[in-house]
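Counting from 1, one number per residue, gives the positions in the sequence shown under the UniProt record's numbering. Glycine included, each C-beta is placed from N, C-alpha and C at the ideal position. Structure record follows, encoded as structure tokens.
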Amino acid sequence: MSANTFTFTSHDGVEIVAKKWETDQVKPKAVVQIAHGMAEHIQRYEDFARYLVKHHFAVYGNDHRGHGLTGQKMGITGYFADEDGFDKVVGDMMQLTNIIKTEHPGVPVFLFGHSMGSFLARRYIQLYGDQLQGVILSGTGGDPGLLGKLGKLVAQNEIRKKGRKTPSPLLDKLTFGSFNKRFKPNRTAFDWLTRDEREVDKYIEDPLCGGICTAGFFYDLFHGLQLIHDRGEVAQIPKDLPLLFISGDQDPVGKQGKGVLAAVQMYKRAGLKHVSYKLYKDGRHEILNELNRQDVYADIVSWLEEQLEQINSMTLGL
Numbered sequence: 001m002s003a004n005t006f007t008f009t010s011h012d013g014v015e016i017v018a019k020k021w022e023t024d025q026v027k028p029k030a031v032v033q034i035a036h037g038m039a040e041h042i043q044r045y046e047d048f049a050r051y052l053v054k055h056h057f058a059v060y061g062n063d064h065r066g067h068g069l070t071g072q073k074m075g076i077t078g079y080f081a082d083e084d085g086f087d088k089v090v091g092d093m094m095q096l097t098n099i100i101k102t103e104h105p106g107v108p109v110f111l112f113g114h115s116m117g118s119f120l121a122r123r124y125i126q127l128y129g130d131q132l133q134g135v136i137l138s139g140t141g142g143d144p145g146l147l148g149k150l151g152k153l154v155a156q157n158e159i160r161k162k163g164r165k166t167p168s169p170l171l172d173k174l175t176f177g178s179f180n181k182r183f184k185p186n187r188t189a190f191d192w193l194t195r196d197e198r199e200v201d202k203y204i205e206d207p208l209c210g211g212i213c214t215a216g217f218f219y220d221l222f223h224g225l226q227l228i229h230d231r232g233e234v235a236q237i238p239k240d241l242p243l244l245f246i247s248g249d250q251d252p253v254g255k256q257g258k259g260v261l262a263a264v265q266m267y268k269r270a271g272l273k274h275v276s277y278k279l280y281k282d283g284r285h286e287i288l289n290e291l292n293r294q295d296v297y298a299d300i301v302s303w304l305e306e307q308l309e310q311i312n313s314m315t316l317g318l
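In structure tokens:
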């Protein structure tokens with residue numbers, strides 16, 4: 001197995017750092033493209049990527065703008081862009097898909113998005129859904145509704161007062177302040193991520209994780225949440241695109257499953273034909289880093305194999 005870091009330049013001139021995991025021994029049966037979450041980076045998906053490669057998938061992913069090594073190159077963390085940040089990050093993901101298709105012509109591509117990455121993936125399928133054979137959404141949430149609108153207004157106010165590029169402890173607290181409450185007594189500020197204490201500690205000790213994002217980032221995020229729940233935008237998603245939702249039933253981002261089920265119902269109402277979900281008992285936010293992660297990995301591979309069987313049977317005209 002090989003793991004290689006590479007870069008590509010976005011349409012507006014940002015150098016994006018990406019990584020790919022693959023083996024030269026066999027042609028991959030599919031490529032899984034990963035969109036990581038907020039205040040983290042693609043290297044955290046190494047174990048998951050290695051598992052997928054072992055099952056004959058290639059894996060690609062990039063550090064989003066303002067995150068990981070891309071953020072280091074930009075000279076700012078927790079920041080997307082001066083305008084249209086959310087869609088620009090989705091555009092970067094599309095560029096990576098194009099690289100994948102150049103390097104693996106004719107091979108099916110699946111998109112895996114976690115947390116913020118799941119929101120980006122949900123925007124991606126509104127714009128470029130015909131490029132994919134399926135999507136896995138991990139640790140996603142439902143429509144924040146009025147709270148999302150309020151968050152956007154607070155972000156606008158913070159931008160007016162402090163500028164787009166200034167970190168916003170206020171918005172950080174409004175967004176995440178209540179997440180740890182269900183897990184008292186708290187050992188750390190990030191107990192809500194996973195029951196696996198070693199994984200929580202690794203996150204806290206990672207210099208490329210955590211940190212407070214900028215007011216501009218939060219504005220872009222709340223704007224993106226509005227877009228992915230807009231009926232007209234949802235209607236653009238191909239109706240036969242398979243979606244799999246996976247979350248812990250104790251994940252505060254998904255409101256202990258309620259937000260996940262609301263998202264599932266939204267896509268079903270929009271006419272998507274192949275929407276499924278699985279909630280993992282006692283699982284928290286980072287389901288790939290949970291105590292039962294081997295079960296989660298196996299379930300993901302099983303779903304991917306099912307989609308490939310469907311593609312093959314359609315190709316053969318069965």
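G113 sits in a strand when the DSSP states are folded into three classes. Note on the region 94 to 152: whole beta strand (DSSP E) runs with a minimum of 3 residues are 109 to 114 and 134 to 138, in chain order. Nearest Cα to G145 within the set T70, K239 and D230: D230. Taking C-beta atoms as the reference points, F183 and V253 fail to come closer than 9 Å. V89 and R65 do touch by the CB rule: their CB atoms are close to 6 Å apart, below 8 Å. Here W303 carries a helix assignment [DSSP, helix/strand/coil]. Per the coordinates, the alpha-carbon of Y51 lies some 9 Å from the alpha-carbon of A298.
When secondary structure is reduced to three states using DSSP, N312 falls in the helix class.
CA-to-CA, the gap between K101 and R284 works out to about 34 Å.
With a cutoff of 9 Å on beta-carbon distance, A263 and T70 are scored as not near each other. By the CB criterion at 9 Å, A49 and H67 fall outside the cutoff. In this structure, V260 lies near Y277, with their beta-carbon atoms less than 9 Å apart. Straight-line measurement puts the Cα of L243 at about 6 Å from the Cα of I136.
The residues V200, Y203 and I204, in chain order, have a CB closer than 7 Å to that of F190 in the same chain once the five nearest residues on each side in sequence are set aside.
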